[in-house]
Each structure stands twice: as structure tokens, then as C-alpha cells.
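Below: the structure, in C-alpha cells.
In UniProt numbering, the protein residues as written are 1 to 399.
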């Protein structure tokens, strides 16, 4: 499944769109095409979250591969701004389906292994991004393939991921709609959804354990209203903690700024040094940021920006993990989904506001340099607020 993250063209998307293949301007790409990803992601996030659980993960994983194949094919064969906007909208649907991949893994591992599984998944994701970026850089630098042939190669990788997803086993349970509960009415393992295999290993028959100890049985499928009510209660319970609210606000604000930076940094590189004038090293920069988070020393302005981007991505990759640890430290495992889902939704709402006002051509539609000035101000304000709070906490400890 990690072949989904092998996207050798992604670091070179701007040079491809603004080059002779598509003949789009940097303003069209930045202010008209890219904003569609943010709008799409926000629009389908909640429905996909609920459908993922109701359909028990695997169908959404397969659907993600199909949609990614469609988006990649549109990138290859379609031209013009409306077509590329449709491609970005489709890719936003792909991104929203990422949750299916993680929740599928959670459905087949025990509760106590959730954190380890998350760590392995994140590592595999970064490794996939790194390999894809390195591969793309090699293909571009040595002129082994044109951009169009790189897209064809990506389609082959996506097809392999699609076949793999079809072969995945179908989970019997899910986190909210299809649960296994103990005879006492509690979910097994303090929120863990028992799998069919676990029931069999415990010597159960027809959903009830035979030895008379802890009993697990499959409960009737929950309705959408019941699930939404449960999620709302979990939300209120979790966010009644002031500490959790503060860390969640930090995570949402930082994620919003990070996503905007990553989405538009290629436009900044193209503005400073047009790719038609020199060999681009976007793939190398993204590979290093994913794998090491270290900066490389170059001798021109564009690579200075690339080096700063390396530092930014390194910090932005590690800090959310720290934030997640701080948030998760006070959470029961069964509350992970509503809390991090709410945080992601809040980050997307903030990102949509910034995109519609600052980036979108129907709003201010400012140039890329001004955009990054806004993003820098966003990070500065976040840092100032939490620095002052930390200073206040240090100087005025609770008695």
C-alpha cells in the first residue's frame, strides 16, 4: 500500500504545469488551481470519516486507490484551468481517504499496539515520500524520463496499490458502527473493537465466550444518529480539559500553516528561479526534509529558500508528533479518533479561510511572496502567544 506514497512527479508538479506540457501560468496554478484541494478536503472530510467506519475501512481504501488513479490520469490527459481544478478537487478526496488506511490498521491490531502501529505507519509514509522524491529527482536530473512518462510510471504504481488493496482482508468490526461489546455492555479492551479472530481465539461461539469469563458479543449496527451522538459526547468530554484545548489549538494552528507552506512552496521556488532556467532539485529537497530534516548548502537564492524549507519541514514533521504525544497523554485510546479528527477539521477550516481570502483569485489573490509573508506572520503569532503563556506559567506558578 505504500506505493500510494511513491509519487515521483509530485516535487515537480509546478514545473510540469507551467512548462510546455500544460502551458499554465504560475498565477493560474497558485491562485486558481491549488485552492481547490483545500476546499475539496474540507468538504468531504466528515462524510468520508463516517463512511469509512460504516463501510469497515477496506472499501474506502480501494476507493482511494481508484480516485488517485483517476486524478493522476486527469493530470496526464487533461489541459486547461477547469480540468486541473477538477483534478485538484479529486486529489482532495484522495487525501481525505488517508484516514481509512490508518483506521484499517487499528481495526486489525490490539489496543495496546495502537501507538506502535501509528509509529510504523508514519515511518512507512515518510519512507514512501522519500523514495518517490529521490526517484523523481533521478529521473529528472539524468533526463531518463519526460514528465509525461513519469506520470505513466506513477499510474503503474497506483495500479499495483489498487490490486494490493483489493487483496486486503475485510474487517468484521469497526470503531463506531460495527462493534464487539462485552456482556457487561462495555467495548472490549477499554474501547478496542474486538476482531472476529480474537473472538475465535477466545473460544467463543455465536459471539459468546464458552468458559464463562469475559464475554464478547457483536452488538446490532449503530445508526448514524447514535454514532454522531456518541462522537459529540466524546468531544465534549475530551475538550472539557483546558490543557487539551490549548495543545489542540496549537496543533490546529501549526498544521494549518504547515499545510499552506508545503502546498505553495514550489510556487515560491518557481518565482525565485524559474525551472526553465536551471535544473530543479525539488525532489532532493523534499527527500531530505522527509528523511533527515537537514539543510543542504547551495550558492544561490533559490536554494537558500530550499534550505530554509528543509528546516521548516523538519520542525513541522517532528513538532506535530510531540503535540500528538502531549494530547494523547491524557486521552483514552478510544477518544483518539474524535479528538484528532476535530483538530484536523479545525486546521482545515483555518486553512480554507486563509486560502479563500489570501490565495484564491476570487479573494485577494496576492502574489506568492506576500502569501509566505502571511504564513510567516501566522507562525510568529503562534510562537509569540505560546511564548508569553509559557513565560506567564513559569513566573506565576499555581499555588
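By construction, the Cβ of each residue, glycine as well, lies at the ideal position given by its N, Cα and C atoms.
Using DSSP with H/G/I as helix, E/B as strand and the rest coil, what is residue i?
{"i": "residue 128", "result": "helix"}
{"i": "residue 63", "result": "helix"}
{"i": "residue 19", "result": "coil"}
{"i": "residue 177", "result": "coil"}
{"i": "residue 277", "result": "coil"}
{"i": "residue 122", "result": "helix"}
{"i": "residue 57", "result": "coil"}
{"i": "residue 183", "result": "Confidence at residue 183 is low in this model, with a pLDDT of 46, below 50, so the placement of that residue should be treated as unreliable; the coordinate-derived value is given next. In this structure, residue 183 counts as coil in the three-state DSSP scheme."}
{"i": "residue 142", "result": "coil"}
{"i": "residue 241", "result": "coil"}
{"i": "residue 170", "result": "coil"}
{"i": "residue 322", "result": "With a pLDDT of 49 at residue 322, under the threshold of 50, the modelled position of this residue cannot be trusted, and the question is left open."}
{"i": "residue 8", "result": "coil"}
{"i": "residue 155", "result": "helix"}
{"i": "residue 396", "result": "coil"}
{"i": "residue 34", "result": "coil"}
{"i": "residue 24", "result": "coil"}
{"i": "residue 14", "result": "helix"}
Note down, in chain order, each residue of its chain lying with its Cβ closer than 8 Å to the Cβ of residue i, except the 5 sequence neighbours on either side.
{"i": "residue 197", "result": "Here residue 197 scores only 45 on pLDDT, less than 50, and its place in the model is too uncertain to base an answer on."}
{"i": "residue 162", "result": "62, 65, 66, 69"}
{"i": "residue 19", "result": "147, 275, 276"}
{"i": "residue 263", "result": "34, 37, 38"}
{"i": "residue 44", "result": "92, 93, 96"}
{"i": "residue 46", "result": "345"}
{"i": "residue 76", "result": "148, 151, 152, 155"}
Is the beta carbon of residue j closer than 7 Å to that of residue i?
{"i": "residue 6", "j": "residue 92", "result": "no"}
{"i": "residue 150", "j": "residue 9", "result": "yes"}
{"i": "residue 137", "j": "residue 283", "result": "yes"}
{"i": "residue 48", "j": "residue 121", "result": "no"}
{"i": "residue 14", "j": "residue 270", "result": "yes"}
{"i": "residue 252", "j": "residue 378", "result": "no"}
{"i": "residue 404", "j": "residue 30", "result": "Absent from the structure is residue 404, since the part of the chain shown begins at 1 and ends at 399."}
{"i": "residue 375", "j": "residue 261", "result": "yes"}
{"i": "residue 90", "j": "residue 155", "result": "no"}
{"i": "residue 125", "j": "residue 81", "result": "no"}
{"i": "residue 400", "j": "residue 58", "result": "The shown model of the chain, from 1 to 399, leaves out residue 400, and the question about it has no answer."}
{"i": "residue 165", "j": "residue 56", "result": "no"}
{"i": "residue 268", "j": "residue 372", "result": "yes"}
By Cβ distance below 6 Å, which residues in the same chain neighbour residue i in space, the five residues on each side in sequence not counted?
{"i": "residue 338", "result": "231, 234, 235"}
{"i": "residue 352", "result": "38, 42"}
{"i": "residue 54", "result": "177"}
{"i": "residue 356", "result": "363"}
{"i": "residue 60", "result": "52, 97, 100"}
{"i": "residue 347", "result": "252, 255, 256"}
{"i": "residue 286", "result": "11, 133"}
{"i": "residue 365", "result": "31"}
{"i": "residue 239", "result": "245"}
{"i": "residue 84", "result": "33"}
{"i": "residue 153", "result": "none"}
Grab me the residues of residue i's own chain with a C-beta within less than 7 Å of its C-beta, minus the 5 sequence neighbours each way, in chain order.
{"i": "residue 105", "result": "117, 121"}
{"i": "residue 361", "result": "31, 32"}
{"i": "residue 16", "result": "9, 22, 147"}
{"i": "residue 74", "result": "83, 86, 87, 90"}
{"i": "residue 26", "result": "18, 267, 270, 271"}
Would residue i pass as an interface residue toward chain C - the criterion being a Cβ-Cβ separation below 7 Å?
{"i": "residue 134", "result": "Among the chains in the structure shown there is no chain C, since it carries only a single protein chain."}
query: What are the complete alpha helix (DSSP H) segments, minimum 4 residues, inside the stretch 77-111?
result: 81-96, 98-107
query: In chain order, which alpha helix (DSSP H) runs of at least 4 residues are fully inside the stretch 329-380?
result: 336-354
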